[in-house]
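Peer 1: Let me begin by handing over the structure; questions about it come next.
In full-length UniProt numbering, the protein residues as written are 1 to 1242.
Okay, here's the thing in structure tokens:
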């Protein structure tokens, strides 16, 4: 009744009009004066008729909806669907499992078991095919019965004769085949009728069937094994069914008792009326028990009488609410006796382990645990049953695992469970908590389900007895062998879990250590608050004794607010707060490629990942569109901190604008209080759960698998804002009064000692209400001063932080520095024979140098020079400017360079560049001019002289390479039909760029050119002294082979790959990246320039020419020769011990240069000449003298041609003459001017 805008008087008068039957009688019997307004009549009506309001049914009722014997599948599905409509919160998994449990159609049932979860729409679609087959079979069977019936009612003369003949022969022949449809009820079989017939067909038990030609149409698609003919299928043959039933009743199948489901048949021959009366008598007591709240048997109305086994199959005992009322049938008694002893020797106290059917699977290793409150199903079983996370319901409470550590469940699911065999089975719906933990068992069965089964367990006999669905006593024995194995495995797992549970905050807290943490000042007193010595926290030692005792007592009373391990941390309820990832809709997921790491780091990652898994902070994930890499960072204490690179994910998330507190305001608000209590949350970020749909986005890859965070991790963009939002919510009524909070730092402040306990009590109450836990090792209560957010907070206010004040040692160092700056430099005079050291400095407009001498650990300047750059010098590269500074110093300080050995100390690769033979003209001239002096090169060992005044010309920020910086190397190769080229760009950390273009004077493939460019770049980087290199190449093949993604199958490329790895060992770190061609444009242009024509006129470019590949398939080692002393001196500075030989070698070595490990001879008016080993000269002489372009010239001409070809060795003139003398063709065909006279022949 809905009357809007009217008063109670109208409502009360209109209310009786809507009533009828018992309701109107109740209304008429209301006492006068009991109703004053419409609210009174509403309450009275609801109190009277609330029990008659239809209530939603529990899903357990579906177990009683089973297909009756002979009931069509279509009708059963309609009835099942009607029952589903009356159940609230029904999931597809429960519905499909209950439907499968109640089906009698074997083919349909087998099809449903192929998939664990079906939706009701899918089931209806699949059921159409089976329903059609079933209805067609029924029509065919009905036609058969009708045909047989007509033949029996209207026999002809011939038929009467046949029947008479059969009657006369009845004493001689076996009993004739019974007529069709003879039996009303049939004995249930354990196997389909087709399989039963196949087992007994050859035994001669069944009589021969009647022919089919007179009774069927002979459909060739249907074949009957019994009749050996066409027209119907074997499973639809009623003649076979009648023959089997007749053989069973005559006892002919005694040897095949395993095929008969119910051997007792004493009620089979009773007539249908007697059975019906018996069934009614059994149901009459239930109709009289109006107070009974337990439904013992659920059967179908108007169903045909069934055998006892059929009744057992349909019976479902379901407990609805309360225990049976007075007068209910007592459950059967359960007892154990000597007959239950089934094993003789067993280990001491084995657990009760059974096997049961759960859902659609048969699950072994089920522990029956009367000490467990809930049923536990572990994740591996959940996945094996084919269940999905969508079927789970939320479970708000935690579980203590086998190792006494806290486990957060994945959820809860309701599934049917059955124990016992077919004749003694008990089924029920059970609720399982899904856990991710390592145990020896698949399922732990708790008290709730054991009580639902009405089971009693004898742990000594390993026997469990229970009340079956038909009211009898069922027995199930434990699996002794499996129980022993599980028990032993559980002991080892408990030990391992106990060790892993001892994971403290220091192992899991990934907060940055350099952030200023709250630090109490003063004497601390440690006191125990737990049941172990290791469970303690701190209090102010100078606190008054009475106040200290009260405070310690209150903290111990609240010890549940402290956590020592993640097991003690329940976590924040997701209803309070969870971290959401507001990923932009247009953002595309990024899956980072897995980065390689050393074995040591991989082991550390595996260890920390195991700790996070044990703590329940992460879980394994199979598929994720977002994927990040882990990064290990070395802590100050030498340990590793594992972080996750969420840079790509953070870019896709907008910034959370939730404001963080102002630090200055917090410090001002915390100063001036009597007592300060410093508190820190235990792994604070990890107490906040991730929003479940966003967990997969936090996935990260490790060598051991892919995982994602279940709690809020460190490194996410808005994690700090989420945590601050939580703290504001927890202390919303205390912030600014007795509490100050900045992210995870909590400071409780108290003005008067009398308010200390009450202020802390309010803080503890707020923490307990929201499930937050504190780290006792970082808490200090009732302190008088301390550092908060980097400031010293005391009762007097904000004081100076001693750590930021200047110490006496700092003051002394500062005074010494001022003395050095104030003292003017004094030039010194070098001593004869002592080495001098030259420091260089350049800017964009000037250059400078200082020559110093060293006396012990002190340096004294000898001379300064500087000058401005002019004209074209301003356009020199940095490397050319340094070379010009060295040349200018040698010219201005020539007397020192001639009489002393000069060490040039610089951080640049001047020596390698000046010794390269393929430089431009002026660099070659400078190199030859500087070769007359004894100049050595050293890296910087100290910056004493470099810090002098004349070196202030250096550009600010042009610092030397630091250990953590990298050189960038861009390489590219190009090739055509006849030549190839390589482009190399090497950039130092301070911006000095080396560009090199190499031309290959030999046919080369594209991949080979890319490898040649990479080898050339590594060689150049080694020459300039680089230690850490980042290589960029646009060749997918080369970068993938070097990184190990591709396999080098070509023998030549394998040699190149070995060469690259050999060169990479000279560096501390080498990383190779594949970049698009547009990001490698400059190197690509250099390679194409080198492959098309030689470079001319470019004086700032290193140009090279290579006539032989760096790798050949046949390489031979050469012995010692005249090349070795010169090469050792140029590369390593080695000199002979004899002074005269050393001077001669030094003078001779100025004419040579080493390029990529090859010795060349230099000259002022000739190109570089390749120096040959004695083992190589014979091949070169033969090729030039008599090769394809050879003309068998004389010795001197051959030597000059070798020089023009670019080869040199000291004895080449003598070797050429000797080679010509030994040439057979030259001796046979040469003109001999001094030959003796001889007669001419006609």
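Quick reminder that beta carbons are idealized off the backbone N, C-alpha and C, glycines included.
Please read all numbers here as calculations on a predicted model, not as lab measurements.
1) Which residues bound the beta strand (DSSP E) around residue 977?
2) Alpha carbon to alpha carbon, how far is residue 244 from residue 206? Give it in angstroms, no decimals.
3) Using a threshold of 7 Å, state whether the C-beta atoms of residue 1207 and residue 1180 are closer than that.
4) When burial is assigned at 16 or more other CB atoms within 10 Å of the CB, is residue 988 buried or exposed?
5) What span of residues does the alpha helix (DSSP H) with residue 756 cover, start to end?
6) In whole angstroms, what separates the C-alpha of residue 551 from that of residue 744?
7) Between the C-alpha atoms of residue 996 and residue 600, what's the straight-line distance to the nearest angstrom?
8) What is the DSSP secondary structure of residue 354, reduced to helix, strand or coil?
9) My output table needs one value for residue 1122: the three-state DSSP class, helix, strand or coil.
10) Under the three-state reduction of DSSP, which class applies to residue 138: helix, strand or coil?
11) Within 10 angstroms of its Cβ, does residue 623 collect 16 or more other Cβ (buried), or is it exposed?
12) Let me confirm a value: residue 940 is counted as buried when at least 16 other C-beta atoms fall within 10 Å, else exposed. Which label applies?
13) In three-state DSSP terms, what is residue 510?
14) What whole-angstrom Cβ distance do residue 1293 and residue 416 have, given they're in contact under 8 Å?
15) Quick check: residue 903 and residue 839, are their CB atoms within less than 7 Å of each other?
16) Go ahead and pull the three-state DSSP assignment for residue 881.
17) Out of 639, 113 and 732, which one is the CA nearest neighbour of residue 101?
18) With a threshold of 6 Å, establish whether the CB of residue 628 neighbours any heavy atom of the ligand COA.
19) Residue 689 and residue 572 look like a contact to me (Cβ under 8 Å); what is the Cβ gap, rounded to whole Å?
20) Could you check whether residue 788 and residue 670 sit closer than 7 Å to each other, using their CB atoms as the reference points?
21) Reducing DSSP to helix, strand and coil, say where residue 579 ends up.
22) Checking the sheet assignment: what are the DSSP bridge partners for residue 436?
23) According to DSSP, which residues form a beta bridge with residue 1074?
24) If the criterion is Cβ atoms closer than 7 Å, does the pair residue 770 and residue 576 meet it?
25) My parser needs the beta strand (DSSP E) runs of 3 or more residues fully inside the segment 672-698; what are they?
26) Pull up the distance between the alpha-carbon of residue 1042 and that of residue 1064, whole angstroms please.
27) Hey, how far is the Cα of residue 1226 from the Cα of residue 1185?
28) Let me know if residue 442 comes out buried or exposed under the rule of 16 or more other beta-carbons within 10 Å of its beta-carbon.
29) In angstroms with no decimal places, state the Cα-to-Cα distance between residue 42 and residue 32.
30) Quick check on DSSP: helix, strand or coil for residue 638?
31) Within the 7 Å Cβ cut-off, does residue 934 reach chain B?
32) Would DSSP call residue 1024 helix, strand or coil?
33) Grab the span of the alpha helix (DSSP H) containing residue 708 for me, first residue to last.
34) Measuring only the C-alpha atoms, how far is residue 306 from residue 69?
35) Of all the alpha helix (DSSP H) runs that stay within the bounds of the segment 1-84, which reach a length of 4 or more residues?
36) How far does the alpha helix (DSSP H) with residue 1213 in it extend, from its first residue to its last?
Peer 2: This is what the structure gives:
1) No beta strand (DSSP E) holds residue 977; DSSP gives it neither H nor E.
2) 7 Å
3) yes
4) buried
5) 756-770
6) 23 Å
7) 38 Å
8) strand
9) coil
10) helix
11) exposed
12) exposed
13) Residue confidence is low: residue 510 scores 43 on pLDDT, short of 50, so the model does not pin down where it sits. Its coordinate-derived value is still stated next. Residue 510 falls in the coil class under three-state DSSP.
14) Residue coverage of the chain in this structure runs from 1 to 1242, which leaves residue 1293 outside it and unanswerable.
15) no
16) helix
17) 113
18) The model on display carries no ligand, and the ligand COA is accordingly not part of it.
19) 6 Å
20) yes
21) strand
22) According to DSSP, which records beta bridges pairwise, residue 436 is partnered with nothing at all.
23) 1033
24) yes
25) 675-680
26) 10 Å
27) 10 Å
28) buried
29) 16 Å
30) coil
31) Within the model displayed, chain B is absent; a lone protein chain is all it includes.
32) coil
33) Here residue 708 belongs to no alpha helix (DSSP H); instead the beta strand (DSSP E) covers 705-709.
34) Unreliable positioning characterises residue 306 in this predicted model, as indicated by a pLDDT of 40, which lies under 50. The coordinate reading is nonetheless provided below. Roughly 8 Å between the two C-alpha positions.
35) 8-14, 22-28, 38-49 and 73-84
36) 1212-1222
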